[in-house]
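Q: Residue numbers (our numbering): 278 to 737.
I am attaching a structure below and will ask some questions about it afterwards.
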Ligand code: PFF
């Protein structure tokens, strides 16, 4: 007899866990800096359109595959398609889980390391962002520092996944998500009440359309995938623990709403503070680790707020990393019949080993390049720019064209009967977006990611 499959204890449990997966470094570290580099408000508007028209339909599709298949990505695709090719698409998600977690946990480790730096008051030695950039370089240049915090973060992730879907992931998300939300609100209130914060808010809310071009649209669309954890089976796996009584469309809309809200609040907190301190919003990936420490020392209560900020960043990363490890664990539990406890430990160990060369690419291996990229950048590129859009493309093709709407819709209707009777246009819109818009636009993101589209655009 097959063992009873794990499941969420409640609908809120699922939503908080899935929103936890979505809300992560992508919202607090990446979104503000790409918005900063691409013109602020106008980018935000494009991003919102991408989230609503592509992100939401694909999220619904991905959760639906999981809930209908009741398996990990490989098992779910195999069960629904009876085809090796599609099971292989699920397999790409498992590989994606290994790869993304191996570099995601390194940045998350920096966040833990920065909690310690904030507590010890190191930021107060910085005279300007250049000094904090230098300090950051020294820290990541230290093999013990970077590996130590990376391993610590992997241990935290493993402990939660080890404890199981309900007792680990669901309980952890129910504790961490409200704390995250409160901390972020505190930071936003601090930011927007600083003298000179208004310029930061203008930057985020007043569009400058001259900054929008094909490139920034594709960046927005690519980020919509990353931030919603789409394209590699994380939402599929979480969907596989969902009850058929729950409404997928409403749940997906709530997840998208929370994810977007947090990104915007994080943007407000960060830009108001950066502008109030008279610093550059276009600092790129270093915005959080270089610019912010020198922002904190200038703000009243900065010592306290700097600690809060890096705790927030760590919690956000943790609720995402557990979903990445869970994808991999669920595969070995479902398909290879491993025990969850063994799977969590062994797989986390392998992922940690895989992450070592990425961590070392900030120090001893910094000169080691493949195709001009160091190991960290290469893994990030492969996973975020190739596997996620490709996965998203295949997920929308599978649901809209292969599985077939006559089989898809009855599954989607489970738990959502009332909604569809009242608003039949929801299904119509979803079908059209998923069938036509998503595949075409995601394909363009994919071409952009591998550089082909940019060459074509430059021809004109
Ligand atoms: N959505 C996460 C973030 O915004 O930080 C990153 C992520 C988590 C991507 C899980 C993919 C994934 F499967």
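Idealized CB from N, CA, C, for every residue including glycine.
Can you list every residue whose CB sits closer than 6 Å to some heavy atom of the ligand PFF, going in chain order?
A: Every residue passing the under-6 Å Cβ criterion appears here: 298, 299, 301, 302, 303, 304, 377, 503, 504, 506, 509, 511, 597, 600 and 601.
Q: Which two residues bound the contiguous alpha helix (DSSP H) that contains residue 556?
A: Counting along the chain, residue 556 falls outside any alpha helix (DSSP H), and DSSP gives it neither H nor E.
Q: If we count the other Cβ atoms within 10 Å of its Cβ and call it buried at 16 or more, is residue 404 buried or exposed?
A: Exposed: under 16 other Cβ atoms inside 10 Å.
Q: Do the CB positions of residue 504 and residue 560 come within less than 8 Å of each other?
A: No, these two residues do not count as a Cβ contact at 8 Å.
Q: Provide the residue(s) that pair with residue 647 in DSSP beta bridges, ordered along the chain.
A: Answer is 650, bridged to residue 647.
Q: Please report the distance separating the alpha-carbon of residue 611 from that of residue 601.
A: Looking at the two C-alpha atoms, the distance is approximately 16 Å.
Q: Alpha carbon to alpha carbon, how far is residue 396 from residue 584? Give it in angstroms, no decimals.
A: Taking the straight line from one Cα to the other gives about 6 Å.
Q: Could you round the C-beta distance between residue 591 and residue 385 to whole angstroms and report it? I think they count as a contact, below 8 Å.
A: Rounded, the Cβ-Cβ distance is 7 Å, consistent with contact.
Q: Quick check: the region 663–678 against the region 409–429, are there 3 or more CB pairs under 8 Å?
A: These segments do not touch.
Q: First and last residue of the alpha helix (DSSP H) that includes residue 683?
A: Taken as a continuous stretch (DSSP letters only), the alpha helix (DSSP H) holding residue 683 covers 682–690.
Q: Whole angstroms is fine: what's the gap from residue 640's alpha carbon to residue 711's?
A: Using only the alpha carbons, I get a separation of about 44 Å.
Q: Ends of the alpha helix (DSSP H) at residue 484?
A: No alpha helix (DSSP H) contains residue 484, which DSSP labels as neither H nor E.
Q: Use the C-beta contact count for residue 681: other C-beta atoms within 10 angstroms, 16 or more gives buried, fewer gives exposed.
A: Its Cβ having fewer than 16 others within 10 Å, residue 681 is exposed.
Q: Are three or more beta carbon pairs between the region 338–355 and the region 514–526 nearer than 8 Å?
A: Yes, the region 338–355 is in contact with the region 514–526.
Q: Taking residue 638 as the reference, which of 653, 588 and 440 has the closest Cα?
A: The residue with the shortest Cα to Cα distance from residue 638 is 653.
Q: Which term fits residue 657, buried or exposed, when burial requires 16 or more other beta carbons within 10 angstroms of its beta carbon?
A: Classification for residue 657: buried.
Q: What is the DSSP secondary structure of residue 505, counted as helix, strand or coil?
A: Looking at residue 505 - three-state DSSP - the assignment turns out to be coil, as it is neither helix nor strand.
Q: Quick one: Cα of residue 525 to Cα of residue 472, how far?
A: Approximately 44 Å, taken between the alpha carbons.
Q: Please work out which residues of its chain come closer than 7 Å, Cβ to Cβ, to residue 660, disregarding the five sequence neighbours upstream and downstream, and give them in chain order.
A: Once the five neighbours on either side are set aside, the close Cβ partners of residue 660 are 373, 376 and 377.
Q: Tell me which residues share the same chain as residue 300 and place their Cβ nearer than 6 Å to its Cβ, disregarding the 5 neighbours each side in the sequence.
A: 536, 539 and 593.
Q: Which word fits residue 497, buried or exposed, when buried means at least 16 other C-beta atoms lie within 10 angstroms of its C-beta?
A: It is buried - the Cβ of residue 497 has at least 16 other Cβ atoms within 10 Å.
Q: Under a CB-based cut-off of 8 Å, is residue 537 close to chain B?
A: Included in the structure is just one protein chain, with no chain B present.
Q: Going by DSSP, what residue range makes up the alpha helix (DSSP H) through residue 762?
A: There is no way to answer for residue 762, as the model of the chain reaches only from 278 to 737.
Q: Closest by CA to residue 554, which one among 629, 491, 470 and 617?
A: When only C-alpha atoms are compared, the closest one is 470.
Q: When burial is assigned at 16 or more other CB atoms within 10 Å of the CB, is residue 365 buried or exposed?
A: Counting Cβ neighbours within 10 Å, residue 365 comes out exposed, since fewer than 16 surround it.
Q: Do the region 629–637 and the region 423–433 touch if we need at least three Cβ pairs shorter than 8 Å?
A: Yes, they touch.
Q: Let's test the definition: count the other Cβ atoms within 10 Å of the Cβ of residue 706 and tell me whether it reaches 16, buried, or not, exposed.
A: That one is exposed.
Q: According to DSSP, is residue 316 helix, strand or coil?
A: Residue 316 falls in the coil class under three-state DSSP.
Q: Give the straight-line distance between the Cα atoms of residue 622 and residue 527, rounded to the nearest whole angstrom.
A: The alpha-carbon atoms of residue 622 and residue 527 are separated by roughly 35 Å.
Q: Can you grab the Cα-Cα spacing for the pair residue 307 / residue 314, in whole Å?
A: Cα-Cα distance, rounded: 11 Å.
Q: For residue 467, count neighbouring Cβ atoms within 10 angstroms of its own Cβ and tell me buried if that reaches 16, exposed if not.
A: With 16 or more other Cβ atoms within 10 Å, it is buried.
Q: Using a Cβ-Cβ cutoff of less than 6 Å, which residues in the same chain neighbour residue 693 once the five nearest sequence positions on both sides are dropped?
A: Once the five neighbours on either side are set aside, the close Cβ partners of residue 693 are 524 and 526.
Q: Terminal residues of the continuous alpha helix (DSSP H) containing residue 591?
A: Looking at the DSSP string, the run of the alpha helix (DSSP H) that includes residue 591 is 579–611.
Q: Would you mind reading off the limits of the alpha helix (DSSP H) that contains residue 700?
A: Premise fails: residue 700 is in no alpha helix (DSSP H) and is neither H nor E.
Q: Looking at C-alpha atoms only, which residue of 433, 597, 714 and 294 is the closest neighbour of residue 443?
A: The option with the nearest alpha carbon to residue 443 is 294.
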